[in-house]
Amino acid sequence: MIQNIVLGQIKRDPRSVAMANAYGTIADGYFAVGYNPAMLAYQQDKPFMLQLFGIDMGIGGNFISLQNLNSLSGDTIYAAGENPKNPHDDSKDRLFRQFDDAGGLAFRQDFHLPMPIINYSSGNMAFTSNLVWMSNLVFPIGILELLFYGNGRRPNMDMTFNVEVFGVNELGFTFAVPYDRFALGATVKYLQGLFYFGVDPDSSRANLVTSDYHLYGSGKYLFRFG
């Protein structure tokens, strides 16, 4: 979920959420960090802005969206040959291939906790600090096979899941320089790793085998800590 690869240390305020992040030219104070640092050069009378407390959360995935939910809401999806009115309808197969190509159904979550009192801006400079917790969870493709097709067509299902969780403390110093017709801004950031937990995908395997008379499975996982 959070596009911090390009936009580092974003500090969303209610205006940015309401404007769907169309916020680059009106960001003010330390909220300009991550959106448009050059806006710090246009602070009137060099105001001082201090953040006492704040929480920022986000969640995203590789499939769930309003467009996809609306396209499936109230509709019935079929595998090839299941729809008596249209034998060529393979909407279920196409949907499953999307998950299969993506390696399963994935969810990403992030939690940003600004350090109290340490986030502030003054004039054309700003200092920001955040505790960041991020995770990525990928559900096994075998669970989706079981939901889509049952165990009749998929007797051997891959039940390997993947999860990664890490925490980072990020410190940033932002400054902006005004010119006659434009301004330049930049952020220097330091990332301090706090912890990491994850499944090693190359060394972890799990499967579930079903038939009319038996059900069994096996698995092994290698967890990494840091």
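Using the numbering used here, you'd call the opening residue of the sequence shown number 811 and step up by one each time. Think of the CB as a built atom: it goes at the ideal place given N, C-alpha and C, for glycine as much as any other residue.
query, result
"Exposure label - Val948; buried when at least 16 CB within 10 Å", "buried"
"Of the residues Gly868, Asp910, Asn846, the one placed nearest Tyr833, counting alpha carbons only", "Asn846"
"Rounded C-alpha distance that separates Glu980 from Trp943", "11 Å"
"Limits of the unbroken beta strand (DSSP E) element including Asp903", "Here Asp903 belongs to no beta strand (DSSP E); instead the alpha helix (DSSP H) covers 901-911."
"Status (buried if at least 16 other CB within 10 Å, exposed otherwise) for Phe1035", "exposed"
"Per DSSP, the bridge partner or partners of Gly844", "For Gly844, which the question treats as bridged, DSSP gives no partner whatsoever."
"Strand pairing of Asp1012, partner residues [DSSP]", "The partner list for Asp1012 (beta bridge, DSSP) is empty, contrary to what the question assumes."
"Closest by C-alpha distance to Ile869, when choosing among Asp920, Arg904, Asp899", "Asp920"
"Residues that His922 bridges to, as DSSP identifies them", "Asp866, Val942"
"Inter-residue spacing [alpha-carbon to alpha-carbon] between Phe909 and Thr997", "38 Å"
"Three or more C-beta pairs below 8 Å linking the stretch 854-873 and the stretch 896-913", "yes"
"Contact check, Ser945 vs Val978, beta carbons under 8 Å", "no"
"Top-ranked residue by Cα proximity to Leu954, from Ile927, Ala837, Asp903", "Asp903"
"Minimum length 3: unbroken beta strand (DSSP E) runs contained in the stretch 960-990", "966-968, 972-988"
"Beta-carbon proximity check, Ser988 vs Thr970, cutoff 8 Å", "Strictly speaking, residue 988 in this sequence is Pro, with Ser absent from that position. Cβ atoms of Pro988 and Thr970: not closer than 8 Å."
"Per DSSP, cross-strand counterpart(s) of Thr835", "DSSP, once it has assigned bridges, lists no residue as partnering Thr835."
"Length of the line joining the Cα atoms of Ile865 and Val1019", "44 Å"
"Nearest residue (CA-CA) to Ser1013, options Ser931, Phe1033, Leu941", "Phe1033"
"Cβ-based burial, Pro926 [other Cβ within 10 Å; buried from 16]", "exposed"
"Helix, strand or coil at Gln813 according to DSSP, with G and I counted as helix", "Caution applies to Gln813, whose pLDDT of 37 falls short of 50 and renders its modelled position unreliable; the value that the coordinates give is listed next. Three-state result, Gln813: coil."
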